[in-house]
Ligand code: DAH
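Numbering (our numbering), first residue to last: 15 to 355.
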C-alpha cells in the first residue's frame, strides 16, 4: 500500500518538477521568475503543497522516504531557480549599463580644430627657451625709420654695409627716411632707450627684404634678436649663451660654433652654426659684441656697459627642423601641407 502511495507521489512530483523546469527556461524577467517560484515551491505550489500530503501516508518509513524525495526535488528546483535568477540579473545589469553608457567618442567628422602656424610654433618655443634662461621679450614696429634700422646700428648714410640688406622703403616723409625693417636689430636700440640695464632681452618679429621668393628666400620672414647688456660681459658669455640655447632648443646632442664675420653693429662679429648629431652643420645667424657706437646710440655709456647680441631667421630654422624643401610651401595656405605640423 505504502509503495503504491509513494509511486504515485513520485510520479506527480516528477511531472510537477519537469513542468517547472520547462517553464523556468522560458522565464525572461525577475518578476516572472518570482511568481513562478511561488507557483511551484510556495505552500500552495505544485511541489510545495505536496509536503502537507506526507501526513496522510500510512507508515513512518513511507513518510521518511517520501519526505527525503520531496526534499531532494525541492533542493534541485531551488538550485535551478537560483541559477536562472543569476543569469537574469546579469542580463538586467548589462542592459542597464548599456542604457546609462556615456558616449565619450570624439567626433572627428565635426570641423577640425586649427592650430598655430609652424613659424608661430617655433617662435613660441624660442620664447619659452629664452624666458627659461631669464630673458624678457620685447617688440618693435615693422615700419621703421632709417635711424633705427641703419644709422643707430653704426651705419651712417651711404655706409657700404647698408647694401647687405635689400630695403623696401615706404612713401612717407623725407624720401628714404621710412622703411619696412630689414631685420629685428633696430629693436635693440629701442630697448636700450627705454629699459634700464642690465638688459637680457629677446625680440622676435616680422622683417622685410626686397627679395624674389625662391626655395630659401621670402620677401617677408621672421627673425629673433637677442640682446644682453651688463657690466663686464665678454665674448665667452656670448659663446656660452649660444651653446646653452642650442642644447635647450635643439637637444643635448647638438653643439654650436662661431666663425669670424662682419656686421657693422658688432665688434668683433661672428656667424654661428649648429652641429647636428650626424655631424653636419647648419648656419643659423649672426652675432657679436655690441659696438660702442651702438651703445652710445642707445643712450648707454660704453665705458660702463658692455654687451653681446645675436639674431637669426626663424622660418629657415623651422624649415630645417621639419625637413621642408621649399620655404614658399609654408606660405601657400595649403591646409594639406599645414596640417602636418
Ligand atoms: N641683423 C642681422 C641680419 O639680419 C643678424 C645679426 C647679426 C643680428 C649680428 C645681431 C648681430 O644681433 O649681433 O643679418
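For glycine and all other residues, C-beta sits at the position ideal for the given N, C-alpha and C.
Given the structure is predicted, the values throughout are model-derived calculations rather than measurements.
Close-in-space but distant-in-sequence residues of the same chain around residue i (CB under 6 Å, 5 per side omitted)
| i | result |
| --- | --- |
| residue 250 | none |
Local Cβ density within 10 Å of residue i, reported as buried at 16 or more and exposed below that
| i | result |
| --- | --- |
| residue 84 | buried |
| residue 151 | exposed |
| residue 23 | buried |
| residue 93 | exposed |
| residue 158 | buried |
| residue 105 | exposed |
| residue 146 | exposed |
| residue 171 | exposed |
| residue 96 | exposed |
| residue 129 | exposed |
| residue 91 | buried |
Beta-carbon spacing of residue i, residue j below 8 Å
| i | j | result |
| --- | --- | --- |
| residue 284 | residue 270 | no |
| residue 229 | residue 329 | no |
| residue 325 | residue 207 | no |
| residue 49 | residue 57 | no |
| residue 35 | residue 103 | no |
| residue 280 | residue 323 | yes |
| residue 252 | residue 213 | no |
| residue 332 | residue 205 | no |
Residues of its chain near residue i, where Cβ-Cβ distance is below 8 Å and the 5 sequence neighbours each way are ignored
| i | result |
| --- | --- |
| residue 282 | 249, 274, 302, 303 |
| residue 310 | 316 |
| residue 224 | 180, 181, 182, 233 |
| residue 149 | 214, 215, 216, 240 |
C-beta neighbour in chain B for residue i, strict 8 Å
| i | result |
| --- | --- |
| residue 137 | Within the model displayed, chain B is absent; a lone protein chain is all it includes. |
Closer than 7 Å: residue i CB and nearest the ligand MG heavy atom
| i | result |
| --- | --- |
| residue 259 | With respect to small molecules bound, the structure shown includes the ligand DAH and not the ligand MG. |
Under 8 Å, with one C-beta from each stretch per pair, do the segment 239 to 249 and the segment 165 to 181 reach the 3-pair mark? Inter-segment contact for the segment 239 to 249 and the segment 165 to 181 is absent: fewer than three beta-carbon pairs are separated by less than 8 Å.
When the Cβ atoms of the segment 127 to 146 are set against those of the segment 184 to 198, are three or more pairs found closer than 8 Å? Short answer: they don't touch.
Decide if the segment 185 to 204 is in contact with the segment 216 to 230; the criterion is three or more beta carbon pairs, one per stretch, under 8 Å apart. Three or more Cβ pairs closer than 8 Å define a contact, and the segment 185 to 204 meets that threshold against the segment 216 to 230.
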